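In our numbering, the protein residues as written are 3 to 299. Beta carbons are placed, not taken as given, at the ideal position from N, Cα and C, and that holds for glycine. Small disclaimer: the values here were computed from a predicted structure and weren't measured. These notes are about the structure you will find just below.
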Amino acid sequence: MTGVLTTIQRFSLHDGPGIRSTVFFKGCNMRCAWCHNPETLQIKSQVMYYPMKCVGCGACTLACSRHTLSEGKMVYDRSGCTDCGNCTKVCFSGALEFCGREYSAEEVLKEVLQDKDYYIESKGGVTLSGGEVLLQSDFALELLKALKEQGISTAIESNMSTEYDRIEKLLPYLDLVMCDLKLSDDEKHKEWTLVGNERIKENIRKVSEAGIPIILRTPVIPGVNDNEEEIEAIAAFAGGLPSLLYYELLNFNPLGGSKYDALSIDNRFHHAKPLSEERIHAIEEAALKHCKNVKVG
């Protein structure tokens, strides 16, 4: 069995406790307006183009007719592109990158086992992230089983918007579930992510009741949920989870902007900025009214 991944990030410090490797799955069933990993939305492989890296060598024009040169720079016509990736194979400057390929569980295991000693020493492990890992739940299950056989601690990062049986079959092989609740109101959640949150809440409750440690997180997005009323409602939900480790507020991250340009897609939040330290602290104080353990990331 194989899965489609974007990358395996070693020595990650933000996707769970300790030193970790994070395996990024491709494909997502949400369309959050502020997504900072837009390259993971489609499950298929994609060509990403970074014009500032282009040196105008013309090698790509020989590999594919969708590339032409104009005034010393490559012009990329995506309209008929099949994302075969041939152009990326000849681009030595890194202006063209191929995002996403199939991996076997054995390939992933070989990569992440290189850092097994670091996981053990730091009480870290391997996190499956995305995109949405649960869209490839069979591959995730195979990988998690292999990791546990090696004595490696495991975690997933998920939006939890799927059938519960996709989640339930992974639970015996998980030490931690990190999940998001982006808005408390179902209709607002649907407006900003194209998916409602009732099933998400139900799945989170079930996982918590099953005794799996949970970190619940909310990305705090300017103009969307950056107010005390919204965060208090989510914190109240978090505070009622029996296996909650902590509730985490993630300040808006604008660093994915270049990826939107590289994929030639619109970035609705390209002018947005992270909340000020004063503002994020005020929201943290609001969350603490309803949840004892709150962190800001």
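Exercise for review: Just the C-alpha distance for Gly87 and Gly259, rounded to the nearest angstrom, thanks.
Suggested key: Walking along the sequence shown from the start, residue 87 turns up at place 85. Walking along the sequence shown from the start, residue 259 turns up at place 257. For Gly87 and Gly259, the distance between alpha carbons rounds to 22 Å.
Check your understanding: Straight-line CA distance for Glu280 to Lys147?
Key -> As a working note, residue 280 is residue 278 in the sequence shown. As a working note, residue 147 is residue 145 in the sequence shown. Going from the Cα of Glu280 to the Cα of Lys147 covers about 44 Å.
Practice item. List the endpoints of the continuous alpha helix (DSSP H) containing Phe141. Key: If you number the sequence shown from 1, residue 141 lands on position 139. Segment Ser139 to Glu151, the alpha helix (DSSP H) holding Phe141.
Practice item. Give a single yes or no on whether Glu123 has its beta carbon closer than 7 Å to a heavy atom of the ligand NAP. Key: Absent from the structure shown: the ligand NAP. Ligands present: none.
Practice item. Give the single residue among Ile217, Arg103, Asn31 and Ile158 whose Cα lies nearest to the Cα of Ala237. Key: Here residue 237 corresponds to residue number 235 of the sequence shown, with the count starting at 1. Answer by Cα proximity: Ile217.
Check your understanding: Along the chain, which unbroken stretches of the alpha helix (DSSP H) at least 4 residues long are found entirely within the stretch 231-294?
Key -> The stretch 231-294 contains, as complete alpha helix (DSSP H) runs of 4+ residues, the segments 259-265 and 279-290 (chain order).
Check your understanding: DSSP three-state call for Ile21: helix, strand or coil?
Key -> By 1-based counting over the sequence shown, the position of residue 21 is 19. Ile21: coil per DSSP, three-state reduction.
Practice item. Evaluate the contact criterion for the stretch 120-134 versus the stretch 143-157: three or more CB pairs, one atom per stretch, below 8 Å. Key: Using a C-beta cut-off of 8 Å, the stretch 120-134 makes contact with the stretch 143-157, since at least three inter-stretch Cβ pairs fall below that distance.
Review point. When burial is assigned at 16 or more other CB atoms within 10 Å of the CB, is Leu178 buried or exposed?
Key: Taking the sequence shown and counting its residues from 1, the one referred to as residue 178 is at position 176. Counting Cβ neighbours within 10 Å, Leu178 comes out buried, since at least 16 surround it.
Practice item. State the Cα-Cα distance for the pair Pro256 and Arg22, rounded to the nearest angstrom. Key: The sequence position of residue 256 within the sequence shown is 254, counting from 1. The sequence position of residue 22 within the sequence shown is 20, counting from 1. Put simply, the backbone Cα of Pro256 is about 23 Å away from that of Arg22.
Practice item. Give the straight-line distance between the Cα atoms of Gln11 and Lys261, rounded to the nearest whole angstrom. Key: In the sequence shown, counting from the first residue as 1, residue 11 sits at position 9. In the sequence shown, counting from the first residue as 1, residue 261 sits at position 259. C-alpha of Gln11 to C-alpha of Lys261: approximately 17 Å in a straight line.
Point to revise | Three CB pairs or more closer than 8 Å across the stretch 268-279 and the stretch 33-40 | key: The answer is yes - the stretch 33-40 touches the stretch 268-279, with three or more Cβ pairs under 8 Å.
Exercise for review: Determine contact between the stretch 108-119 and the stretch 80-98, defined as no fewer than three beta-carbon pairs at a distance below 8 Å.
Suggested key: Segments in contact, no.
Practice item. Take the Cβ of Leu185 as the centre, count every other Cβ of all protein chains shown within 10 Å, and call the residue buried at 16 or more, exposed below. Key: Numbered from its first residue, the sequence shown carries residue 185 at position 183. Flag for Leu185 reads buried.
Check your understanding: Run through DSSP, which three-state label would Pro215 get?
Key -> Start at 1 with the first residue of the sequence shown, and residue 215 comes out as number 213. When secondary structure is reduced to three states using DSSP, Pro215 falls in the coil class, being assigned neither helix nor strand.
Check your understanding: Could you give the residue range of the beta strand (DSSP E) that holds Thr129?
Key -> Residue 129 sits at position 127 when you count from the first residue of the sequence shown. Note, Thr129: beta strand (DSSP E), Gly127 to Ser131.
**Study point:** contact_flag[the stretch 247-254, the stretch 205-224] where n(CB pairs < 8 Å) is 3 or more
**Key:** By the Cβ test, the stretch 247-254 is in contact with the stretch 205-224, since at least three Cβ pairs between them sit closer than 8 Å.
Review point. Which first and last residues belong to the beta strand (DSSP E) in which Arg12 is found?
Key: Within the sequence shown, residue 12 is the residue found at index 10, counting from 1. That run of the beta strand (DSSP E) goes Thr4 to Ser14.
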